[in-house]
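Quick note on numbering: the working numbering labels position 73 of the sequence shown as 73, and the sequence is numbered without any gaps.
Notes follow the structure.
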Amino acid sequence: MNPLKSDEYPAIYSDYIENVIGAVMDELHEQVETFPEFIQSIPDDLGDYTYAEGKWTIKEVLCHILDTERVMAYRALRFARNDMTELAPFEQDEFVLNGRHNERSLDSIEEEFIHLRKANLVFFNTLNETELERKGMASGRLITVKAFLYVIAGHLTHHRIILKERYLNNETDSNIVGGVLISL
1 MNPLKSDEYP
11 AIYSDYIENV
21 IGAVMDELHE
31 QVETFPEFIQ
41 SIPDDLGDYT
51 YAEGKWTIKE
61 VLCHILDTER
71 VMAYRALRFA
81 RNDMTELAPF
91 EQDEFVLNGR
101 HNERSLDSIE
111 EEFIHLRKAN
121 LVFFNTLNET
131 ELERKGMASG
141 RLITVKAFLY
151 VIAGHLTHHR
161 IILKERYLNN
171 ETDSNIVGGV
181 LISL
């Protein structure tokens with residue numbers, strides 16, 4: 001795969017894309033092994049935890065990662081097949097609000113991630129360079145199929161860092177009351 005160029009994606013995705021170190025396909029394959037291990041490391045009783053009022057719970061963040069991967073993979077499919085229809089944005093907060101994520105177990109979220117990522121990898125591996133370089137409009141922005149692969153990998157890394165730093169880092173020196181962190 002040719003390297004990603006800055007004219008292949010809008011600046012709004014830069015933070016995610018910059019999270020990808022090395023070959024994107026290697027990163028996507030590695031995540032299918034390491035992210036389930038990360039999910040398994042989260043204590044079940046923290047699934048409904050949020051670090052501040054109005055923030056998503058751990059389960060909601062994990063399911064947001066899944067929803068985003070689905071949407072980005074769908075966009076990649078449409079553009080790879082040379083469908084030039086402009087694709088509408090998706091409202092992440094509405095997805096979380098209506099996803100009933102807190103009713104799920106961490107195990108079911110882990111299982112869904114594994115199946116989703118493996119299916120997406122099968123698809124991504126079928127794409128040739130011409131298909132990877134095809135562009136389309138999504139959320140009013142021009143982006144290539146290849147860039148979606150970087151967004152998927154980098155978005156997961158972005159939220160994994162947030163989960164580690166804001167949700168899981170302080171659990172030993174804090175209390176959780178009603179699912180919200182109360183610092184001691």
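From the three backbone atoms N, C-alpha and C, an ideal C-beta is built for every residue, glycine too.
Values in this document were obtained by computation on a predicted structure and should not be read as measured data.
- Contact annotation, V71 with Y150: C-beta distance approximately 15 Å; criterion of less than 8 Å not satisfied.
- Each of A138, E53, L4 was checked against the Cα of T85, and the nearest Cα belongs to A138.
- The beta carbon of D44 is closer than 8 Å to those of S105, L106 in its chain, skipping five residues each way along the sequence.
- Of all C-beta pairs linking the stretch 59 to 74 to the stretch 154 to 165, three or more are shorter than 8 Å, placing the two stretches in contact.
- If you draw a straight line from the Cα of A119 to the Cα of N169, it is about 32 Å long.
- The residue from H101, A80, L142 with its alpha-carbon nearest to that of N128 is A80.
- Residue environment: E33 is assigned as exposed (fewer than 16 neighbouring CB atoms within 10 Å of its CB, all protein chains considered).
- Between N98 and the set F123, H64, L77, the nearest pair of CA atoms involves H64.
- For the 9 Å CB-CB criterion, L132 and V145 form a contact.
- Take R117, set aside five residues on each side of it, and the residues of its chain with a beta-carbon closer than 6 Å to its own are V32, in chain order.
- Along the stretch 118 to 181, the beta strand (DSSP E) occurs as fully enclosed runs of 3 or more residues at 135 to 138, 141 to 144, 174 to 177, listed in sequence order.
- In the three-state DSSP reduction, T57 falls in the coil class, being neither helix nor strand.
- When secondary structure is reduced to three states using DSSP, T85 falls in the coil class, being assigned neither helix nor strand.
- Excluding the 5 residues flanking it on each side, I114 has same chain C-beta neighbours closer than 8 Å at V32, P36, in chain order.
- If you check the CB distance, V20 and I162 do not come in under 9 Å.
- Following the DSSP letters along the chain, one finds V96 inside the alpha helix (DSSP H) bounded by residues 92 to 97.
- With contacts defined by Cβ atoms closer than 9 Å, A147 and I12 do not form a contacting pair.
- Within the same chain, L66 come within 8 Å of E112 by CB-CB distance, once the 5 residues on both sides are set aside.
- By the 16-neighbour rule on beta-carbons within 10 angstroms, T126 is exposed.
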